[in-house]
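Residue numbers (UniProt numbering): 1 to 500.
Given below as structure tokens:
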């Protein structure tokens, strides 16, 4: 059974919905089709009166002229593929015209009018391929009409005059419209290509971060205006840096492309996935509640286990789910809420889904059977608080930095070792300060910028490294630095045995 969430029916999509304009096109055709059918009916009424058509034929004509536009619109409201439905509607109208010609006894004025209008619509709607199918539909309707109404040919003089005018009245406009259709299609393809280059990430083919955030802002405004639900999801591929480090960037790039293909195949047309940065992705799910979004993410989670992104190992993902709530003041705040949920999913052990408004992140069914070891995952807030207090009072310097090398947490021993002044938060600024004051770690070089550049390179190439540290006052430490979650750095400094 295909579990893919399909595009919602048109009846569930706002008429001002900006993310899938192809779903809104039929709304513009409704009024045009209603007027066109009414005018076609007006053109055929004198013919029906002249040939003294029976009452049942009048009724059939009224159905085709008055009821058909509304029946076509009702069908649009139920469809999940409006473009295909529009093509089928045009083919049905071609068949109706073919059926009507024998009923009108091939009255040339009315017949040419109906044929011209339906053929022009077919060319505009689908070019020569749809026009060819429209001719076949007209032929089928014509055969059926002859069987039902019989064959009545107009007088020869009128026929000859009309046939002489056919190239100017019918063939030439069709040629002009076909050429125009090709030009429009070429312009559309070029525009799509330019938009793709400017809006899409080159590796994944998904929206880049700027375009995705712009779409989120538009959806935020629409939801605030209409009150409809929407949910954001941020996804992070777990331990992805190890894939690049162990198997090369080509393998990492291949995994990114495969995950992007998975998003495109499993999400609806109106869902908007984007590459948020590195191994992190964003998904905008309009008309979706948080629980529904979590179900979709669970399916993606299963797919990652069933069909691994890498031939070397299974790459899991963590998901942060945030439905737009009344307390979220802006699109940026909405993204931050999803980011907080993503952080919680990673903190709770990765390969998990964290929903805003729930207390814990959920793991896949296969992993929920047995509890994680408390030693590795201290979810109890009291235990975590005791752990942080122990780190703070310890004599071993400990610090944590975020992906931008901004200091997130440091105990008193680390602050004292580096003499960190108020307002200095980034690793580079801390090192520049200690080097200028000749206090704390001795870099062993005169140019601090060269040292910082070298350290950044080592940090990118070695997720975990151990190195000696000598301070200006002669103290010796062993530094242990571990990078995780796309650049977070945990630094501890342990005095080696025998050190004073």
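Just so you know, even glycine gets a beta-carbon here, dropped at the ideal spot from N, CA and C.
Problem set entry | Proximal residues to residue 99 (C-beta, below 7 Å), its chain only, five neighbours per side dropped | 141, 144 and 145, listed in sequence order.
Exercise. Looking only at DSSP bridge pairs, what is residue 280 linked to?
Worked result: 236 and 277
Problem set entry | Reduced DSSP secondary structure (H/G/I, E/B, other) of residue 424 | coil
For this session: Kindly list the residues whose CB is nearer than 8 Å to the CB of residue 505, restricted to its own chain and excluding five residues on each side of it in sequence; keep chain order.
Result: As shown, the chain starts at 1 and ends at 500. That puts residue 505 outside it, with no answer to give.
Problem set entry | Reduced DSSP category for residue 153 - H, G, I as helix; E, B as strand; rest coil | Three-state DSSP puts residue 153 in coil, outside helix and strand.
Exercise. Mind checking residue 272: buried by the 16 CB within 10 Å criterion, or exposed?
Worked result: buried
Problem set entry | At least 3 beta-carbon pairs within less than 8 Å: the segment 198 to 216 vs the segment 264 to 283 | yes
Problem set entry | Spatial distance of residue 414 from residue 338 (CA atoms) | 32 Å
For this session: Could you check the C-alpha separation between residue 265 and residue 303 for me, to the nearest Å?
Result: 11 Å
For this session: Just confirm the distance between the C-beta atoms of residue 285 and residue 226, as a whole number of angstroms; I'd bet it's less than 8 Å.
Result: Not a contact, Cβ separation roughly 16 Å.
Exercise. In whole angstroms, what separates the C-alpha of residue 111 from that of residue 131?
Worked result: 17 Å
For this session: Please name the residue in 424, 452 and 417 whose C-alpha comes closest to that of residue 474.
Result: 417
Exercise. Candidates 334, 317, 319 and 428: which alpha carbon is nearest residue 325's?
Worked result: 334
Exercise. Are the segment 339 to 347 and the segment 315 to 324 in contact at 8 Å, needing three or more beta carbon pairs?
Worked result: yes
Exercise. Between residue 255 and residue 74, what straight-line distance do the alpha-carbon atoms span, to the nearest angstrom?
Worked result: 43 Å
Problem set entry | Sequence-distant residues of its chain with Cβ nearer than 7 Å to residue 253 (five each side left out) | 203
Problem set entry | Whole-angstrom distance between residue 315 and residue 501, CA atom to CA atom | Residue 501 lies beyond the residue range present for the chain, which begins at 1 and ends at 500; the question has no answer from this structure.
Exercise. If you follow the beta strand (DSSP E) that residue 407 is part of, which residue opens it and which one closes it?
Worked result: 407 to 410
Exercise. When you compare each of 234, 328 and 448 to residue 296 by their alpha carbons, which one comes out closest?
Worked result: 234
For this session: May I have the straight-line CA-CA distance separating residue 402 from residue 238, to the nearest angstrom?
Result: Approximately 17 Å between the Cα atoms of the pair.
Problem set entry | Selection from 408, 223 and 67 that minimises the alpha carbon distance to residue 330 | 223
For this session: Could you spell out where the alpha helix (DSSP H) holding residue 64 opens and where it closes?
Result: Here residue 64 belongs to no alpha helix (DSSP H), and DSSP marks it neither H nor E.
Exercise. Does the distance from the CB of residue 236 to the CB of residue 207 come in under 9 Å?
Worked result: no
For this session: Just mark residue 105 as buried or exposed, buried being the case when its beta carbon has 16 or more other beta carbons within 10 Å.
Result: Around the C-beta of residue 105, 16 or more other C-beta atoms lie within 10 Å, and the residue is accordingly described as buried.
For this session: Spatial neighbours of residue 258 within its chain, please: CB distance less than 6 Å, with the 5 preceding and 5 following residues excluded, ordered by chain position.
Result: 309
For this session: Report the option in 152, 229, 260 and 240 whose CA atom is closest to the CA atom of residue 201.
Result: Distance from the Cα of residue 201 is smallest, within the candidate group 152, 229, 260 and 240, for 260.
For this session: My understanding is that residue 40 touches residue 65, with C-beta atoms under 8 Å, so please give their C-beta distance in whole angstroms.
Result: 6 Å
For this session: Can you check the UniProt domain "GGDEF" (228 to 358) for any alpha helix (DSSP H) of at least 4 residues that lies completely inside it and give the ranges in chain order?
Result: 240 to 247, 249 to 266, 290 to 306 and 331 to 347
Exercise. Can you list, in chain order, the residues of its chain whose CB lies under 8 Å from that of residue 530, leaving out five sequence neighbours each side?
Worked result: Residue 530 lies beyond the range of the chain shown here (1 to 500); nothing can be said about it.
For this session: Give me the Cα-Cα distance between residue 189 and residue 126, rounded to the nearest whole angstrom.
Result: 15 Å
Exercise. Alpha carbon to alpha carbon, how far is residue 430 from residue 467?
Worked result: In a straight line, the C-alpha of residue 430 is about 19 Å away from that of residue 467.
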